[in-house]
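Written out below as structure tokens is the structure these notes cover.
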Amino acid sequence: MAHLVELRDHVSLREYESIAHLSRAVRELREEAASLLPGLKGHRVWMVNSTSHGGGVAELLPPLLAVLRELGVDANWLVMEADDPHFFRLTKRLHNLIHGQGDANLGEAERALYRQVSRDAAKAIERHVSPGDVLVVHDPQPLGAGAFLRKEMDIAAIWRCHIGLDRQTPETRAAWAFLDEYASAYDHAVFTAPEYIPGCLAGRATIIHPAIDPLSHKNRDLSIHKLVGILADGALIPTPGPMLTPPFPKPAKRLQRNGTWAPATEPEDIGLLHRPIVTQVSRWDRLKGFLPLMEGFVALKRDLDSRAGLDEWHRRSVHLARLVLAGPHPESIEDDPEGKEVLAELCKVYASMKPELQADVAIVVLPMSSKKHNALLVNALQRCSDIVVQNSLQEGFGLTVTEAMWKHAAVMGSHAVGLRQQIRPDLDGYLVTNPEDPREIAARLDDLLRDQRKREMLGRSAQQRVHDHFLIFTQVRRWLALISNALDAR
Ligand code: UDP
Numbered sequence: 000m001a002h003l004v005e006l007r008d009h010v011s012l013r014e015y016e017s018i019a020h021l022s023r024a025v026r027e028l029r030e031e032a033a034s035l036l037p038g039l040k041g042h043r044v045w046m047v048n049s050t051s052h053g054g055g056v057a058e059l060l061p062p063l064l065a066v067l068r069e070l071g072v073d074a075n076w077l078v079m080e081a082d083d084p085h086f087f088r089l090t091k092r093l094h095n096l097i098h099g100q101g102d103a104n105l106g107e108a109e110r111a112l113y114r115q116v117s118r119d120a121a122k123a124i125e126r127h128v129s130p131g132d133v134l135v136v137h138d139p140q141p142l143g144a145g146a147f148l149r150k151e152m153d154i155a156a157i158w159r160c161h162i163g164l165d166r167q168t169p170e171t172r173a174a175w176a177f178l179d180e181y182a183s184a185y186d187h188a189v190f191t192a193p194e195y196i197p198g199c200l201a202g203r204a205t206i207i208h209p210a211i212d213p214l215s216h217k218n219r220d221l222s223i224h225k226l227v228g229i230l231a232d233g234a235l236i237p238t239p240g241p242m243l244t245p246p247f248p249k250p251a252k253r254l255q256r257n258g259t260w261a262p263a264t265e266p267e268d269i270g271l272l273h274r275p276i277v278t279q280v281s282r283w284d285r286l287k288g289f290l291p292l293m294e295g296f297v298a299l300k301r302d303l304d305s306r307a308g309l310d311e312w313h314r315r316s317v318h319l320a321r322l323v324l325a326g327p328h329p330e331s332i333e334d335d336p337e338g339k340e341v342l343a344e345l346c347k348v349y350a351s352m353k354p355e356l357q358a359d360v361a362i363v364v365l366p367m368s369s370k371k372h373n374a375l376l377v378n379a380l381q382r383c384s385d386i387v388v389q390n391s392l393q394e395g396f397g398l399t400v401t402e403a404m405w406k407h408a409a410v411m412g413s414h415a416v417g418l419r420q421q422i423r424p425d426l427d428g429y430l431v432t433n434p435e436d437p438r439e440i441a442a443r444l445d446d447l448l449r450d451q452r453k454r455e456m457l458g459r460s461a462q463q464r465v466h467d468h469f470l471i472f473t474q475v476r477r478w479l480a481l482i483s484n485a486l487d488a489r
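Residue 419 in numbering that gives the first Met the number 0 sits at position 420 of the sequence shown, and the numbers go up by one each step.
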């Protein structure tokens, strides 16, 4: 009903510290930790969630735990299990309701199921936990179990909710009414944005932003040789000559004119290494706004010939630009009917485009069978991009934008809450007001494509912003402070 997860290889703080532009952040973290650690001695910290692989939380926990441990915190990871499959169906429903979607009718049957499974899970977790420990519970699945434990044991408990919606709807109200009795048992709660804090937790919640690991495969620096190697191994560029490393077992594939998928080097090179490149990498989700982005890009291209008075640089930039829309290979989204639908819709619109416009748009699916290869391909793609777009209609945070900002790309987001938190408009990137308006998208892209200096300026500021706010070091500092406060308050 609950199992411990062992941490595998991780990057040591000394490695981060050895990188010139990270050493200050690590030093500040060590200093802050030194003043807080005495208060944490003898208290174990338990991160509790519901899966050890797949999903953002499972991705985020290993580097966070590794750094906490290296600093001297006895930090551990427990995964809650439930035998009854109805339980996770119910928590998925709650997840969707918190996002404002789904059937808001939650009755006594649902309450009884949630209560029973949570009570059983609490018993299983209790075997690991001692009085004085700190429980950090992630998302709604283990929320109930943590609440039971907090009531029965002398521990501190913090609930970290990674999801939310920036408005109230009957659906969100139903979810919070359901979860209220459990959430209110906690000492404190943590959300990603102030807009996500429900009324029942007002005054007892803090904001901690998600963060990226600058040395992960997704974000680490790539030398020119490595970058070219990854692109060639993944079939995103034609192999330029003999290579040190073999091709990835599964290449990136690109949608062809006849509707089939072929290695992304077909029917011809996309031009990642020499053309102006506009990219969006995301899950195939309607809320990511792929379709209006493609329409906006196509409108920009289509109108180019009729525009008078453009200087040569501007005209050539738009003329040569290519759009890459990338997401997971359909194989990996077998259990995601909406994802398949969204991809199929894009393919259909692509099929109806003129051949010269089709040549300028690459719909690419990335292999998901190797997490490392996938991460390296995303890394390389973002690094080849002059502009990285995240045209989301809604976005919890939007790590794709954090990742691109770290790589000093010029980013173009929307006013979705998560993106607004990261991108200060015209300083770190652009924000489109209406991500469903191809005209506005085209105008903003045109502006960015025309002005290389502006892109560089935005990129520099974006990287600094991630450096200051959205790297794991800041996140660990926030957690250390919060855990200390929770212990003090006990
Ligand atoms: N991602 C990936 N491969 C893909 C598509 C997305 O690795 O084909 C990653 C992306 O780099 C980011 C994460 O999935 O790290 C998506 O997180 P985000 O917060 O942007 O959106 P979410 O998918 O959680 O809504």
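Each residue gets a CB set at the ideal place from its N, CA and C atoms; glycine is no exception.
- Short of 6 Å from the beta carbon of F296, and not among the five residues preceding or following it, lie these beta carbons of its own chain, in chain order: L322.
- Cβ neighbours of I196 within its own chain (closer than 6 Å, five residues either side excluded): F190 and A204.
- Inter-residue distance for P437 and F469 is about 30 Å (C-alpha atoms, whole angstroms).
- Less than 9 Å divides the Cβ of A103 from the Cβ of E170.
- Not a single heavy atom of ligand 1 lies less than 8 Å from the C-beta of S49.
- Taking non-hydrogen atoms of ligand 1 into account, the C-beta of A120 is found less than 8 Å away from none of them.
- Shown here for Q140: same chain residues with a beta carbon closer than 6 Å to its own, the five before and five after excluded, namely S49 and T90 in chain order.
- Cα atoms of Y181 and G143: separation of roughly 5 Å, rounded to the nearest angstrom.
- Taking the CA atoms as reference points, L481 sits about 22 Å from Q421.
- Assignment of A251 by DSSP, reduced to helix, strand and coil, places it in the coil class.
- In the structure shown, A320 falls within a coil segment according to DSSP collapsed to helix, strand and coil.
- For S483, the enclosing alpha helix (DSSP H) starts and ends at I471 to A488.
- Residue environment analysis places C383 among the buried positions, since at least 16 neighbouring C-beta atoms fall within 10 angstroms of its C-beta.
- Below 8 Å, too few C-beta pairs join the stretch 373-380 and the stretch 252-269 to call them touching: fewer than three.
- CA-CA distance, M79 to R285, rounds to 31 Å.
- The beta carbons of I211 and T401 sit closer together than 9 Å.
- Runs of the alpha helix (DSSP H) lying entirely within the stretch 271-337, each at least 4 residues long, are 289-302 and 311-319 in chain order.
- Distances from the alpha-carbon of L164 to those of R477, M411, Q100 and A111 put Q100 closest.
- Using a cutoff of 8 Å, the CB of E402 counts as near ligand 1, since one of the ligand's heavy atoms is closer than that.
- If you draw a straight line from the Cα of S483 to the Cα of L178, it comes to about 26 Å.
- Distances from the CA of L3 to each of L70, E439 and A123 were compared; the closest alpha carbon is that of A123.
- Between D487 and A461, the C-beta gap is not smaller than 9 Å, which leaves the two residues out of contact.
- Between V475 and V47, the C-beta spacing is not below 9 Å.
- Bridge partners of M46 according to DSSP: W76 and V135.
- Your pair A374 and H216 checks out as a contact, with CB atoms roughly 4 Å apart and the cut at 8 Å.
- Using a cutoff of 8 Å, the CB of G428 does not count as near ligand 1, since none of the ligand's heavy atoms is closer than that.
- In this structure, the CA atom of A33 is about 22 Å from the CA atom of H9.
- Between ligand 1 and the CB of L398, the shortest heavy atom gap is smaller than 8 Å.
- N257 counts as exposed, since fewer than 16 other beta carbons sit within 10 angstroms of its beta carbon.
- D284 has its CB nearer than 8 Å to a heavy atom of ligand 1.
- Collapsing the DSSP output to three states places G143 in a helix.
- Considering only V116, M152 and I332, the residue with the shortest C-alpha distance to V133 is M152.
- Setting aside the 5 residues that flank it on each side, H52 has no residue in the same chain whose C-beta is closer than 7 Å to its C-beta.
- In the DSSP assignment, the residues bridged to R159 are H137 and V189.
- H42 is classed as buried because its beta carbon has at least 16 other beta carbons within 10 Å across all chains shown.
- Burial state of P327 is buried, judged by a 10 Å Cβ sphere holding 16 or more other Cβ atoms.
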